[in-house]
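Undergrad: Residue numbers (mature numbering (1 follows the signal peptide of the UniProt record, and there is no 0)): -21 to -1, 1 to 144. For each residue, glycine too, the CB sits at the ideal point set by N, CA and C.
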Amino acid sequence: MGRNLKVFFTILIFVAETCEALDCTKPEGPEATKCLEIFDELGEAANGLDISNKTRTTKMLENCEKFSRCRHTLGCRTDGLFVGVANAALMFCECQSFRVHEELESLPDRIPDKVKMAEIRKESCDNIFGKDNCIEKEIRETCGAEMWRGFRENHLAMKTFMGGC
């Protein structure tokens, strides 16, 4: 679980350093404070996210939706790193929303047949960047081709290090 959190924050920092900031408006007191609270809850919900746990996943997606609606209240007075992290959080939410809605019901249970399990693992690795490479499309549209190349290299290196694909 701790390793997943490290991976998540590594990706967030990478995206934060390379992605352009969103348009913003000046923060307005209590609305901005409430949005920061939602952002904090989003981080807590993403900690050790297990998309097979429908209760935690639903809470995280609710926070994603709330943060997406209030993001504009945080405005231009926030520092550049925060804007980048907020953008990365929004991108994470969009990708997680897709993964949860499209893949939650199709997650395979671990099975004793090693050959069949190897086939399932290969299929999972073939779709490492989402169905029809949705993550690539999202990152390219939001942050550009250079950011996508860096994200891809970073993600594949982490998968190799962690014994994934």
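Measure how close the beta-carbons of C43 and K13 come, nearest whole angstrom, since I'm counting them as under 8 Å.
TA: By 1-based counting over the sequence shown, the position of residue 43 is 64. By 1-based counting over the sequence shown, the position of residue 13 is 34. In fact, because the Cβ distance is near 15 Å, the residues do not count as touching under 8 Å.
Undergrad: Quick one, which of N133, I114, E23 and G8 has its alpha-carbon nearest M70's?
TA: Position 91 of the sequence shown, counted from the first residue, corresponds to residue 70. Of the listed residues, the one whose Cα sits closest to M70 is I114.
Undergrad: Should I90 go down as buried or exposed, given a rule of 16 or more other Cβ atoms within 10 Å for buried?
TA: For the purposes of this step, residue 90 is identified with residue 111 of the sequence shown, where counting begins at 1. Label assigned to I90: exposed.
Undergrad: With distances taken from CA atoms, which of N66, W127, E73 and K95 is nearest T36?
TA: Reading the sequence shown from its first residue, position 57 is the one you call residue 36. It is E73 whose Cα lies nearest to the Cα of T36.
Undergrad: Could you give the C-beta distance for F18 and A97, rounded to a whole number, given that I count them as a contact under 8 Å?
TA: What you label residue 18 is simply residue 39 of the sequence shown in a count that begins at 1. What you label residue 97 is simply residue 118 of the sequence shown in a count that begins at 1. About 40 Å separates the two Cβ atoms, so there is no contact after all.
Undergrad: Just verifying my parser: in three-state terms, what is the DSSP assignment at F71?
TA: Working through the sequence shown from its first residue, we reach residue 71 at position 92. Correct three-state label for F71: helix.
Undergrad: What residue from P9, K38 and T34 has the CA that sits closest to E20's CA?
TA: Here the question's residue 20 lines up with position 41 in the sequence shown. Nearest C-alpha to E20: K38.
Undergrad: Looking at the secondary structure, which residues open and close the alpha helix (DSSP H) in which D105 lies?
TA: Residue mapping note: residue 105 aligns to position 126 of the sequence shown, counting from 1. Segment K93 to D105, the alpha helix (DSSP H) holding D105.
Undergrad: Going straight from the alpha carbon of K95 to that of G123, what length do you get?
TA: To locate residue 95, count along the sequence shown from 1; it is residue 116. To locate residue 123, count along the sequence shown from 1; it is residue 144. The straight-line gap from Cα to Cα measures roughly 38 Å.
Undergrad: So, with DSSP's three-state summary, where would you put F46?
TA: Along the sequence shown, one-based indexing puts residue 46 at 67. Helix, per DSSP.
Undergrad: So T52 and A11 are supposed to be a Cβ contact under 8 Å. How far apart are they, rounded?
TA: As a first step, residue 52 must be located in the sequence shown, where it is residue number 73. As a first step, residue 11 must be located in the sequence shown, where it is residue number 32. Indeed they touch by this definition, with Cβ atoms about 5 Å apart.
Undergrad: Excluding the 5 residues flanking W127 on each side, which residues of the same chain have their C-beta closer than 7 Å to its C-beta?
TA: Residue 127 sits at position 148 when you count from the first residue of the sequence shown. Result list for W127: E115, I118 and R119, in chain order.
Undergrad: Determine the direct distance from the alpha carbon of E125 to that of S103, and round the result to whole angstroms.
TA: One-based indexing of the sequence shown puts residue 103 at position 124. One-based indexing of the sequence shown puts residue 125 at position 146. Spanning the two alpha carbons is a distance of roughly 25 Å.
Undergrad: By alpha-carbon positions, which one of V64, K33, L15 and T34 ends up nearest to K45?
TA: Translated into the one-based positions of the sequence shown, residue 45 becomes position 66. Nearest of V64, K33, L15 and T34 to K45, Cα basis: L15.
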